[in-house]
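Just remember that our numbering sits 1 ahead of the position in the sequence shown, which is counted from 1.
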Amino acid sequence: MVRLLLLASLLVGCRFSLEDEPEPVFVDRNCTPNGPGATCAAAAGKAELSWIQTNVFDINCGSGSCHGAALPEGGVDLRPGQSFQNLVNANSVLESSRKLVVPGNLEASYLMLMLGDYTPDMAEPAGVAPPGGYMPKGVPDGLCCQKLDAIQRWIMAGAMNN
Numbered sequence: 002m003v004r005l006l007l008l009a010s011l012l013v014g015c016r017f018s019l020e021d022e023p024e025p026v027f028v029d030r031n032c033t034p035n036g037p038g039a040t041c042a043a044a045a046g047k048a049e050l051s052w053i054q055t056n057v058f059d060i061n062c063g064s065g066s067c068h069g070a071a072l073p074e075g076g077v078d079l080r081p082g083q084s085f086q087n088l089v090n091a092n093s094v095l096e097s098s099r100k101l102v103v104p105g106n107l108e109a110s111y112l113m114l115m116l117g118d119y120t121p122d123m124a125e126p127a128g129v130a131p132p133g134g135y136m137p138k139g140v141p142d143g144l145c146c147q148k149l150d151a152i153q154r155w156i157m158a159g160a161m162n163n
């Protein structure tokens with residue numbers, strides 16, 4: 002009996018709470034967990050467009066012939082001073098019924114689907130994979146997950162021009 006009471010008191014002290022659960026990890030994300038490089042590590046906690054512009058768009062998207070040329074792919078110019086107006090509440094050329102970035106709504110933001118951050122069935126409304134494939138092109142594992150998380154935080158914080 003004493004052993005049973007001792008065991009019961011130990012179990013009561015070991016409270017499990019759903020609040021202690023870690024954030025969900027999307028196993029289908031097209032990103033490199035804990036990617037190499039200083040900008041991946043520096044992405045922790047970032048949620049400002051200015052940081053994303055310098056450390057994601059300028060490096061991975063807006064340079065060269067993709068989204069920084071005179072005729073940017075998909076009509077999306079991601080050069081400095083252009084990205085905000087070309088993303089936030091802007092219709093996608095590929096899917097005209099979808100907005101590229103919907104402030105506060107990741108699943109309705111087509112940009113996150115194109116970056117491979119979630120699967121097409123998770124989109125609002127559910128859809129199909131981007132016709133040209135996931136971005137950034139030529140990067141097999143996509144962006145590092147920390148950079149995708151920074152873009153997520155920016156969208157969830159209202160996708161401000163900051």
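Just so you know, even glycine gets a beta-carbon here, dropped at the ideal spot from N, CA and C. Note that this is a predicted model, so its numbers are computed, not measured.
Per DSSP, what kind of secondary structure is residue i in: helix, strand or coil?
i: Cys-145; result: strand
i: Thr-40; result: helix
i: Asn-35; result: coil
i: Asn-92; result: strand
i: Val-57; result: helix
i: Asn-106; result: strand
Measuring straight from C-alpha to C-alpha, what distance separates residue i and residue j?
i: Gly-75; j: Val-94; result: 6 Å
i: Met-157; j: Val-140; result: 25 Å
i: Gly-166; j: Glu-49; result: Residue 166 falls outside the range modelled here, since the chain spans only 2 to 163, and no answer is possible.
i: Asn-106; j: Gly-159; result: 9 Å
i: Asp-122; j: Ala-130; result: 9 Å
i: Pro-132; j: Leu-116; result: 13 Å
i: Leu-112; j: Asn-92; result: 11 Å
i: Cys-41; j: Cys-67; result: 22 Å
i: Asn-56; j: Gly-46; result: 14 Å
i: Asn-60; j: Ala-127; result: The question names Asn, but residue 60 is Ile in the sequence shown. Approximately 30 Å between the Cα atoms of the pair.
Cutting at 6 Å between CB atoms, please list the residues of its own chain near residue i, excluding the five before and the five after it.
i: Asn-90; result: Lys-100
i: Arg-154; result: Ala-48
i: Asn-35; result: none
i: Thr-87; result: The sequence given here places Asn at residue 87; Thr does not occur at that position. These residues qualify, in order along the chain: Val-77, Asp-78.
i: Cys-146; result: Cys-32, Pro-34
i: Gly-63; result: Gly-69, Leu-79, Arg-80
Cutting at 7 Å between CB atoms, please list the residues of its own chain near residue i, excluding the five before and the five after it.
i: Asn-162; result: Leu-50, Phe-85
i: Gln-54; result: Pro-81, Ser-84
Assuming residue i and residue j form a contact by the criterion Cβ under 8 Å, report the distance between their Cβ atoms to the nearest whole angstrom.
i: Ala-109; j: Glu-125; result: 4 Å
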